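This report refers to the structure that appears directly beneath it.
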Amino acid sequence: MPIQQKCLVLDHQKLNSTYFKLTLASDYIASHGLPGQFVEVRVSNDTDPLLRRPISLHRVDPAKKTFELLYEIVGQGTEMLSRIKIGEELSVLGPLGSGFKIDKKIALLAAGGMGIAPLRFLAEQAIKKTKAVYVFIGAKTHEQVSQEEDFRQMGCQVIVATEDGSSGSKGLITDLLVHFIDTQLSTLDAPRSTLYACGPHAMLKVIAEIAQQKKIDAQVSLEAWMACGLGACKGCAIETKNGYKMVCEDGPVFNAEDIKW
Ligand SMILES: Cc1cc2nc3c(=O)[nH]c(=O)nc-3n(C[C@H](O)[C@H](O)[C@H](O)COP(=O)(O)OP(=O)(O)OC[C@H]3O[C@@H](n4cnc5c(N)ncnc54)[C@H](O)[C@@H]3O)c2cc1C
Ligand code: FES
């Protein structure tokens, strides 16, 4: 059940030329948020921009009653967000949407660019429940490779690919994923694995194809333009094999095989 509240900004860091990390206080979101869920953030007290901006839960810390958001500047709203200072308050609505389901012994996490944001929280939960967590981080350049060392320290195996070769292997992370499945995941392991992905739509479509070919269940976190975030405005509808669904309420996490790509 989402609530709307003012959250105190406890920390706000520019991690590199691309990514920012916000730490906010909320007992409720820290204790109720699930991996894959998101919050809608009001970036201005003014009417411009009027609409809240959806940002995934990056991490929660129930003991400290805090949660973190990882984001990049793409337009007016996120640029305004980047100017928020420690000690100020942000109006936040959440936690929203349905999260990832951690149901198998092997978790394969694939991130494209900012798609890494919800996967940190997922990895933390998955490592507690599964035997093995593999994280595939794909980005255009090394500037967009985030959290690599943190994932390793958690006990995940991490594989990185950048399009320009400035970090990890040169190429697409989906190619490394296929290679990994073919060479390291035996046919016995495939049914015990779930593939989780977040990133650009084109990457998620490829992930869905890989999952189908390799007979691995896949859950993908989709993005859509959002207004209310609560299923009311119908602005975030996507077509699935079971009719139109709202990304904000029915998702953002969907079974890859259910989406009409
Ligand atoms: C469920 C969900 C979770 C998200 N989690 C994160 C996150 O953890 N970190 C993060 O950095 N971003 C995340 N996003 C994307 C983020 O919401 C947008 O980048 C943000 O709303 C852009 O606002 P803006 O005012 O800065 O840009 P705008 O001025 O609104 O837009 C700038 C450009 O970005 C495009 N754009 C805006 N919103 C989206 C969108 N949702 N999908 C695709 N293109 C878009 C616009 O078409 C435009 O070209 C998430 C989106 C969704 C739907
Ligand atoms: S954003 Fe309004 S229905 Fe999804």
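In the working numbering, the protein residues as written are 9 to 269.
The beta-carbon is built from N, C-alpha and C at its ideal position, and this holds for glycine as well.
Bear in mind that the values here come from a model prediction, so they are computed numbers and not experimental data.
Between the alpha carbons of Asp69 and Val255 lies a gap of roughly 26 Å. Listed by position in the chain, the residues whose beta carbon lies within less than 5 Å of some heavy atom of ligand 1 are Phe46, Arg61, Pro62, Ile63, Ser64, Tyr79, Glu80, Val82, Gly83, Gln84, Gly85, Thr86, Met122, Ala125, Glu231 and Pro260. Taking non-hydrogen atoms of ligand 2 into account, the C-beta of Leu58 is found less than 7 Å away from none of them. Sequence-distant Cβ neighbours of Arg60 in its own chain, meaning closer than 7 Å and more than five residues away, are Glu48, Val49, Arg50, Leu101 and Gly237.
If you look at Met254, you'll find it in the beta strand (DSSP E) that goes Gly251 to Met254.
Of the candidates Leu212, Leu32, Cys244 and Gln13, Leu32 places its Cα closest to the Cα of Gln21.
Residue Ala140 holds the alpha-carbon nearest to the alpha-carbon of Arg160 among Glu171, Trp269, Ala140 and Gly83. Here the distance from the Cβ of Val255 to the nearest heavy atom of ligand 2 is below 7 Å. Under a 10 Å Cβ-count criterion, Tyr204 is classified as buried, with 16 or more other Cβ atoms of the shown protein chains found around its own Cβ. Proximity of the segment 170 to 177 to the segment 139 to 154 meets the contact definition, three or more beta-carbon pairs being nearer than 8 Å.
Judged by their CB atoms, Pro43 and Leu104 are not nearer to each other than the 8 Å cut-off. With contacts defined as CB atoms closer than 8 Å, Leu117 and Leu127 qualify as a contacting pair.
Non-local beta-carbon contacts of Lys93 in its own chain, meaning distances under 8 Å to residues more than five positions away in sequence, involve Val17 and His20 in chain order. Residue pairing for Pro103: DSSP places it in no beta bridge.
Residue environment for Asp111: exposed (fewer than 16 other C-beta atoms within 10 angstroms of its C-beta).
Shortest gap from the CB of Leu98 to any heavy atom of ligand 2: 7 Å or more.
For the pair Ala240 and Leu185, the Cα-to-Cα distance works out to about 37 Å. Going by beta carbons, Pro208 and Ser229 fall outside the 8 Å limit. Taking 7 Å as the cut-off, the C-beta of Gly251 does not count as close to any heavy atom of ligand 2. The straight-line gap separating the alpha-carbon atoms of Lys178 and His187 is approximately 14 Å.
Relative to ligand 2, Gly44 has its C-beta separated by 7 Å or more from all heavy atoms. Between Ala219 and Thr74, the alpha-carbon positions lie close to 35 Å from each other. According to the DSSP secondary-structure assignment, Asp19 is paired through a beta bridge with Thr31. For Asp69, the enclosing beta strand (DSSP E) covers residues Arg67 to Asp69.
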